[in-house]
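Take a look at the structure below.
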Amino acid sequence: MTSTSQPASLELKTLRELIDFARLRVLEIGAGDGRLTWPLAGKAKRWVALDPDADELDAAAQALRRSAGRVRERVRLSLGDARQLSFPDGYFDLVFFSYSLC
Amino acid sequence: MAAAVAEAHRVMRRGGVLLAVQPTDQRPVLEVWQAPAGAAPLSDADAETARRDVLGPLIPDPDSRREFTATLAALAEAVDDSEAEAAFEPAAVRAFNYYQLFDSLDDLTDYLDDTPEFARAPDDLLERAAVALNGTPGQARLVIVQRTAVVALHKP
Chain A
1 MTSTSQPASL ELKTLRELID FARLRVLEIG AGDGRLTWPL AGKAKRWVAL
51 DPDADELDAA AQALRRSAGR VRERVRLSLG DARQLSFPDG YFDLVFFSYS
101 LC
Chain B
103 MAAAVAEAHR VMRRGGVLLA VQPTDQRPVL EVWQAPAGAA PLSDADAETA
153 RRDVLGPLIP DPDSRREFTA TLAALAEAVD DSEAEAAFEP AAVRAFNYYQ
203 LFDSLDDLTD YLDDTPEFAR APDDLLERAA VALNGTPGQA RLVIVQRTAV
253 VALHKP
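Protein sequence lines, in the order shown, are assigned to chains A and B. Residue numbers for the first sequence follow our numbering, beginning at 1 and rising by one. Residue numbers for the second sequence follow our numbering, beginning at 103 and rising by one.
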């Protein structure tokens, strides 16, 4: 089997070197099935995982139910379009385009 | 600014960060990795220790290259948008190799068939991959290596 649904170690290392996600309010755009959400969200204050694809979010919801309690407490899955967000001005500390900015 | 970047800017506090991860427009390359005898199953963490042989480049879908160009353009516009009330400032850029590992040629071709928007493999490359797998004693995997960029922008 391939390992394509798993986050790559260099990918996570690079992201963690750039950003300390601890105690941040994060909006992840293009979260998909949550491949990058689960390993990164545990230390965040709040993590909104946004995706326009309901099937991807269903897969993320299943994975979320299997994830650690601290991740479940922090992560909220959201169906939506990055070009028209429903969040208030200045709400997030970090907006993370996960292979989705084009 | 592009609509998504403008919305990101709006919902982000001053001092916040926009982070974007995207494959670069460098052509992905197919390699075969071989683990040392008796080693645990290969993973992407073995990039430094496995024996690696380059088989050749894949042919990326033109749209994927356009996506990277569009991403760069959106980020550049976000930085250069002097008319915006508070545009972004460059903060950091990093690049890394993203490794996708496959146990067999069938796994690789299934993946490429399922993701035509990524890349395709010419027949001669697949032939070399089959020969390499068959000719490698012990544990071996096919690996797609994709150069990937992370860009961070700061909202002043």
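Just so it is clear, CB atoms sit at the ideal spot from N, CA and C, and this is done for glycine as well.
Item	Value
Look up T211(B) in the DSSP assignment and say whether it is helix, strand or coil.	helix
I want to verify the contact list: residues of chain B whose CB lies under 7 Å from the CB of S9(A), in sequence order.	D146, A147
Unbroken alpha helix (DSSP H) runs of length 4 or more, entirely within the region 222-253 of chain B: which are they?	225-236
In this structure, what does DSSP give as the bridge partners for V75(A)?	W47(A)
Note down, in chain order, all residues in the region 75-99 of chain A with a beta-carbon under 8 Å from any beta-carbon belonging to chain B.	A82, R83, Q84, L85, F87, P88, D89, G90, Y91, F92, D93, L94, V95, F96, F97, S98, Y99
Starting from S98(A), trace the beta strand (DSSP E) in both directions and tell me its first and last residue.	92-98
For the region 152-176 of chain B, which residues have a beta carbon sitting closer than 7 Å to at least one beta carbon of chain A?	E169, A172, T173, A176
According to the neighbour-count rule (16 or more other Cβ atoms, all chains shown, within 10 Å of its Cβ), is P162(B) buried or exposed?	buried
How long is the line joining the alpha carbons of A142(B) and R35(A), rounded to whole angstroms?	23 Å
Under a Cβ-count criterion, where at least 16 other Cβ atoms within 10 Å of its own Cβ denotes burial, should M1(A) be classed as buried or exposed?	For M1(A), the predicted structure reports a pLDDT of 41, less than 50, and the residue's modelled location is therefore unreliable. A value from the coordinates is still provided. The residue is exposed, with fewer than 16 neighbouring Cβ atoms inside 10 Å.
Just how far apart, CA to CA, sit A54(A) and L79(A)?	7 Å
Under the rule that 16 or more other beta-carbon atoms within 10 Å means buried, what is E191(B), buried or exposed?	exposed
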